[in-house]
Amino acid sequence: MKLTESKADMQGRILSVSGDDHFMNRITSIGITEGTAFQTVKNDRKMPVLIYLRETLISLNRADAERIEVETA
Amino acid sequence: MTGSIALLGQPNSGKSTIYNNLTGARQHVGNWAGKTVEKNEGSYIYDGKKFSVTDLPGSYGLSGNSDEEIITTDYIKSGKSELTVVLVDASQLERSMFMLAEFARLDKPALLVLNMIDVAKGLGKEIDTKTLEKKLGIPVLPFNATDTKDYDRLKKLIAEELKNPHKLAVAAPEIHADVKSDSKAKFEWVSSIIDGVTGTKASVYKMSRFDRLMTRPILGKLICIGVVLLAFFVAMIIMIPFMSIGEMIPKTLHDPVEKLLTGWNVHSWIVSVFSTMLPNVLYFVISMASFVFGVNVVFGFLEETGFLARAAYQFDGLLSKLGLQGKAICPMLMGFGCTIGGACGTRVMDNWGQRMLAMSIVWAIPCASIWSIIPVISGMFFAWWQTMLVCIGILLYVVVTMIVVSKLFSRKLAPKETRSGMIMELPPYHKAHWRHIFKEAFFKAWDIFKRALGTVTLVSVLFYVLSFSSDGNVDHSLLYRVGSFIEPVTKFFGMGWQTFMAFVSGAFAKEAVLGTLNAVFMGNKTLMEATFYAKTSATDTALLGGAMTSVISPAEALAFMFATTFNIPCLMALSTTYKESHSLKWTVRVALFYFCNALVLSGIVYHIAELFM
Chain P
1187 MKLTESKADM QGRILSVSGD DHFMNRITSI GITEGTAFQT VKNDRKMPVL IYLRETLISL
1247 NRADAERIEV ETA
Chain V
861 MTGSIALLGQ PNSGKSTIYN NLTGARQHVG NWAGKTVEKN EGSYIYDGKK FSVTDLPGSY
921 GLSGNSDEEI ITTDYIKSGK SELTVVLVDA SQLERSMFML AEFARLDKPA LLVLNMIDVA
981 KGLGKEIDTK TLEKKLGIPV LPFNATDTKD YDRLKKLIAE ELKNPHKLAV AAPEIHADVK
1041 SDSKAKFEWV SSIIDGVTGT KASVYKMSRF DRLMTRPILG KLICIGVVLL AFFVAMIIMI
1101 PFMSIGEMIP KTLHDPVEKL LTGWNVHSWI VSVFSTMLPN VLYFVISMAS FVFGVNVVFG
1161 FLEETGFLAR AAYQFDGLLS KLGLQGKAIC PMLMGFGCTI GGACGTRVMD NWGQRMLAMS
1221 IVWAIPCASI WSIIPVISGM FFAWWQTMLV CIGILLYVVV TMIVVSKLFS RKLAPKETRS
1281 GMIMELPPYH KAHWRHIFKE AFFKAWDIFK RALGTVTLVS VLFYVLSFSS DGNVDHSLLY
1341 RVGSFIEPVT KFFGMGWQTF MAFVSGAFAK EAVLGTLNAV FMGNKTLMEA TFYAKTSATD
1401 TALLGGAMTS VISPAEALAF MFATTFNIPC LMALSTTYKE SHSLKWTVRV ALFYFCNALV
1461 LSGIVYHIAE LFM
């Protein structure tokens, strides 16, 4: 599923991330890489998605979160 | 003997706090050659030797092709600094060590600072620095930015390392052509390094109660607006003492200087330069610096505690429509108080393009001065409910201007492919380090003071020459001659020479508008005195209202109010924008846009209003 479809408190794993090099650089340098375990903290409609990953609370723009595929761990 | 070091770290790694505490007042702000990225260099003396410090631009990595990343990589490669101090956040070790993985490929001497070790301990995270040191082959220093003893330790370590530098002993992460596998390799490198160094257990994250409130869609936004308004109020309180001192300068200097110079038979032209203009320039610059100080204290606090990141989360959706990140919400709300404050507040933005765009959008927000003069002028011509309508009309046009500015400038300043809006960490709430916040705010204010003094003096002299008349009568000034010469043109925009002159003086200081109107309609003061003395002398609005309503029509008055509101905010805002953006080209571009926009708007309002009034 897409990250935007995940429910709050879900424990999951990043399956894949797709986008141009600029986006990939940004997203991977903050720690969102394939295979990383994460937790969806908050996912409200029309609001950025909040995830917890590598000991960090990260806020992601919805459009960007659409490009991230995840699975439940 | 001297040594040179560079500071490298991700945003939120505490880099600027360490930089400011190392260098204190010995700082220099400039530009990286050919780039609009701010270059911060400073120095400190330790053990009788001078050490120069370069604060490298903050970014999450070094592999991207943003200006910040290219500058940083090139600088480290060039070897201009003998030692790179790499800062990582100990409380988020795994993620922030990514920077070290990037640095490893450059193969230069380094030492590692584990900043926020106190926060990590508070979260129950233990880090075995000795093992880490052994694995990396470079010294590792646990660090707490609030502890002054830690700075001595850092300085001592830097001095030792410069004599006997160490490079990373571990092989750098493998290089892959595609970004995906390359980042993966870097994080695998980090994992192998911190394996056995820190016992991080996968845990379920629980939001604090405050965060749960802060992230609620509507309530959170209301809290943010409330906090920023409160912050603005506090910033005003902080600046009041400085402002009052500044205000006393023209008041106390004017008469004695005038008397003294006149007694020496100095020509009255020169007398007014020294008795009126220069003391007021000093006052302007002091008010400007105190705004900067107050705003920086408040913003420093909001940023350090982690509040700004929450506000950014709340407003990102709305602001992304303007091409801005959520972080821009604070400077924008600040703009309702003071454009200078708003322009300084854009410092929280990630990159230069976003900053410049945010500053140009902040200009559209009418500041407190405008809200104090519009009702006065409107009250001369209209009933109270019509004044309300004028204010609502102004607010609606604020939104229009913002959209136009964004449409015009965002393609250049924030191209779609660089919009990295909201991939952002929400740092845990930190306690604010007041001493550091005040220190930092003071340096920024001092810096602005020094650099603005020249600009403001220059522009004031220019205005002085234009408004000068040998007998003090406005009708003999260059400005009047130009004004009345182009009156046929300005008339088209709904302004006669008097209102046009007031409009122009509004670009210097909004408070000057009433004074100028007074000078041109009542003729009881020179234009020069009207402009510079606006803040210190009272205007009899009832008399002025009588004089104005007999000369200009309500349609002209309405056009004038819109023109004044959306004109260049003031000389100090202009100068601050230039100082903060380091780009004369863009400052002029934005200023030209606002000037023309105000004129066109004035014309439109005038011609439409004429149909109905």
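Protein sequences, first through last, are from chains P and V. For any residue, its number in the working numbering is found by taking its place in the first sequence, counting from 1, and adding 1186. For any residue, its number in the working numbering is found by taking its place in the second sequence, counting from 1, and adding 860. The beta-carbon is built from N, C-alpha and C at its ideal position, and this holds for glycine as well.
With 16 other Cβ atoms within 10 Å as the buried cut-off, status of residue i
| i | result |
| --- | --- |
| residue 902 of chain V | buried |
| residue 1442 of chain V | buried |
| residue 1091 of chain V | buried |
| residue 987 of chain V | buried |
| residue 880 of chain V | buried |
| residue 1037 of chain V | exposed |
| residue 1070 of chain V | exposed |
| residue 913 of chain V | buried |
| residue 1250 of chain P | buried |
| residue 1009 of chain V | exposed |
| residue 1312 of chain V | buried |
| residue 1439 of chain V | buried |
| residue 1232 of chain P | exposed |
| residue 1192 of chain P | buried |
| residue 998 of chain V | buried |
| residue 1471 of chain V | exposed |
| residue 1271 of chain V | exposed |
CB-CB length for residue i against residue j, believed under 8 Å
| i | j | result |
| --- | --- | --- |
| residue 1293 of chain V | residue 1005 of chain V | 7 Å |
| residue 952 of chain V | residue 1222 of chain P | With 8 Å as the limit, residue 952 of chain V and residue 1222 of chain P do not qualify as a contact, their Cβ atoms being about 14 Å apart. |
| residue 1198 of chain P | residue 1259 of chain P | 5 Å |
| residue 1413 of chain V | residue 1473 of chain V | 7 Å |
| residue 1184 of chain V | residue 1214 of chain V | 6 Å |
| residue 1199 of chain V | residue 1429 of chain V | 4 Å |
| residue 964 of chain V | residue 1028 of chain V | 5 Å |
| residue 1166 of chain V | residue 1176 of chain V | About 16 Å separates the two Cβ atoms, so there is no contact after all. |
| residue 1229 of chain P | residue 1194 of chain P | 6 Å |
| residue 1244 of chain P | residue 1200 of chain P | No, residue 1244 of chain P and residue 1200 of chain P are not in contact; Cβ-Cβ is about 12 Å, not under 8 Å. |
| residue 1194 of chain V | residue 1150 of chain V | With a Cβ gap of about 15 Å, residue 1194 of chain V and residue 1150 of chain V do not count as contacting. |
| residue 1172 of chain V | residue 1284 of chain V | 6 Å |
| residue 1014 of chain V | residue 973 of chain V | 7 Å |
| residue 1164 of chain V | residue 1290 of chain V | 6 Å |
| residue 1304 of chain V | residue 1156 of chain V | 5 Å |
Cβ shell of residue i (< 6 Å), same chain only, five flanking positions each side left out
| i | result |
| --- | --- |
| residue 1418 of chain V | 1465 and 1469 |
| residue 1353 of chain V | 1459, 1462 and 1463 |
| residue 877 of chain V | 1005 and 1296 |
| residue 1048 of chain V | none |
| residue 1109 of chain V | 1139, 1142 and 1143 |
| residue 1395 of chain V | Reliability of the predicted coordinates at residue 1395 of chain V is poor, the pLDDT of 49 falling under 50, and no value is obtained from them. |
| residue 1032 of chain V | 964 and 965 |
| residue 1227 of chain V | 1198 and 1199 |
Cβ shell of residue i (< 8 Å), same chain only, five flanking positions each side left out
| i | result |
| --- | --- |
| residue 1018 of chain V | 863, 865, 906, 911, 943, 945 and 971 |
| residue 1227 of chain P | 1194, 1195, 1236, 1237, 1238 and 1243 |
| residue 1083 of chain V | 1073 and 1074 |
| residue 1314 of chain V | none |
Cβ-based neighbour list, residue i, same chain, cut-off 7 Å, excluding 5 preceding and 5 following
| i | result |
| --- | --- |
| residue 1161 of chain V | 1292 and 1297 |
| residue 1239 of chain P | 1217, 1218, 1222 and 1224 |
| residue 1101 of chain V | none |
| residue 1235 of chain V | 1247 |
| residue 1319 of chain V | 1431 |
Spatially closest choice to residue i from the options, by CA coordinates
| i | options | result |
| --- | --- | --- |
| residue 900 of chain V | V:1043, V:990 and V:875 | V:875 |
| residue 1368 of chain V | V:1290, V:1455 and V:959 | V:1455 |
| residue 1220 of chain V | V:1453, V:1299, V:1343 and V:1050 | V:1453 |
| residue 1404 of chain V | V:1240, V:1302 and V:1067 | V:1240 |
| residue 1301 of chain V | V:1098, V:909 and V:1245 | V:1098 |
| residue 858 of chain V | V:893, V:1015 and V:1448 | No information on residue 858 of chain V is available, as it lies outside the stretch 861 to 1473 that chain V covers here. |
| residue 1040 of chain V | P:1207, P:1188 and P:1192 | P:1207 |
| residue 1427 of chain V | V:1366, V:915 and V:1059 | V:1366 |
| residue 982 of chain V | V:1422, V:1446, V:1306 and V:1288 | V:1288 |
| residue 1323 of chain V | V:1001, V:961, V:1286 and V:1362 | V:1362 |
| residue 1145 of chain V | V:1190, V:1444, V:1433 and V:1467 | V:1433 |
| residue 1192 of chain V | V:1299, V:1088 and V:1425 | V:1088 |
| residue 1263 of chain V | V:1217, V:1238, V:1242 and V:1252 | V:1217 |
| residue 1205 of chain V | V:1306, V:1243, V:1095 and V:1128 | V:1095 |
Whole runs of the beta strand (DSSP E) within the stretch 951-1004 of chain V, excluding any shorter than 3 residues: 970-975 and 1000-1002
3 or more residues per run - each beta strand (DSSP E) lying fully within the stretch 909-956 of chain V: 909-915 and 943-949
Unbroken stretches of the alpha helix (DSSP H), 4 residues or longer, contained in the stretch 1095-1164 of chain V: 1128-1132
Sequence ranges, beta strand (DSSP E) only - wholly within the stretch 998-1083 of chain V, length at least 3: 1000-1002
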